[in-house]
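Undergrad:
In the numbering used here, the protein residues as written are 156 to 392.
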């Protein structure tokens with residue numbers, strides 16, 4: 156058997172072993188999966204850029220609330236409601252970051268689709284592909300990119316990962332601030348001008364209750380490949 160015949164036979168066997176991969180994408184004559192490798196590298200790069208945008212938002216949120224808390228406790232004469240301003244500011248950062256997370260999820264979804272159905276299949280063909288229709292789904296997404304998750308789910312992800320602890324820090328700081336520097340009851344010291352303390356406390360309680368419901372309520376998560384405790388436990392032996 157000639158060398159060219161051997162190469163043709165190997166190419167036919169490779170094609171037969173990879174029926175779910177587009178023609179030429181894993182062609183040995185093109186190098187090791189060159190077309191798909193370049194596509195995958197590009198998606199990784201885009202995902203990395205959006206990941207960095209998320210981190211910048213979080214960094215600014217931490218810097219701002221640290222500055223506000225420091226100023227609030229620097230003098231007994233400084234008003235306690237500056238911490239409530241910090242809660243409102245942190246909410247703005249949360250909304251901005253959730254919007255960026257929805258964009259990040261587009262590229263993350265594509266990367267996970269390729270990982271599950273190309274690289275995982277190439278490493279272990281016996282396990283098959285994760286999704287038989289992945290090529291059609293990925294092709295449609297390239298034709299018409301769409302957001303994969305709702306704004307509420309994006310907010311829930313960011314609350315769970317970053318913002319619930321930050322909101323908790325602000326809440327504790329506010330409670331200490333309205334009790335440590337006043338001889339009045341904490342309800343009275345929570346007042347802001349003509350607004351009674353009970354109303355302020357009620358608004359804060361409703362806000363935090365809503366945040367907990369959004370973050371913790373049972374739901375079907377649509378963010379693809381997001382590492383959650385439930386998924387990690389499934390692989391634990």
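We put the CB at the ideal spot given by N, CA and C, even for glycine.
For residue 367, count neighbouring C-beta atoms within 10 Å of its own C-beta (all shown protein chains included) and say buried if the count is 16 or more, exposed if not.
TA: So residue 367 counts as exposed.
Undergrad: State yes or no: is the C-beta of residue 331 within less than 8 Å of the C-beta of residue 345?
TA: No; because the gap between Cβ atoms is not below 8 Å, this pair is not in contact.
Undergrad: Enumerated in chain order, which unbroken segments of the alpha helix (DSSP H) with a length of 4 residues or greater are wholly contained in the region 327 to 377?
TA: 341 to 344 and 352 to 371
Undergrad: Is the separation between the beta-carbon of residue 218 and that of residue 325 shorter than 8 Å?
TA: No Cβ-Cβ contact shorter than 8 Å links residue 218 with residue 325.
Undergrad: Do residue 307 and residue 361 have their CB atoms nearer than 8 Å?
TA: At the C-beta level, residue 307 and residue 361 stay beyond 8 Å of one another.
Undergrad: Ordered along the chain, which non-local residues of its own chain (more than five positions away) have a Cβ less than 6 Å from that of residue 376?
TA: none
Undergrad: With DSSP collapsed to three states, give me the class of residue 253.
TA: It is helical.
Undergrad: Kindly give me the distance between the Cβ atoms of residue 227 and residue 328, rounded to whole angstroms, as I take these residues to be in contact under 8 Å.
TA: Sure, about 7 Å apart at Cβ, within 8 Å.
Undergrad: By Cβ distance, which residues of its chain are closer than 6 Å to residue 236, with the 5 residues on each side in sequence left out?
TA: 347
Undergrad: Using the Cβ count rule (16 or more neighbours within 10 Å means buried), how would you classify residue 473?
TA: What the structure shows of the chain is the stretch from 156 to 392, and residue 473 is not part of that stretch, so it cannot be assessed.
Undergrad: Using DSSP with H/G/I as helix, E/B as strand and the rest coil, what is residue 264?
TA: helix
Undergrad: Can you give me the C-alpha to C-alpha distance between residue 299 and residue 206, rounded to a whole angstrom?
TA: 22 Å
Undergrad: Helix, strand or coil, according to DSSP, for residue 286 in the structure here?
TA: coil
Undergrad: I'd like to know whether the C-beta atoms of residue 202 and residue 256 end up nearer to each other than 8 Å.
TA: no
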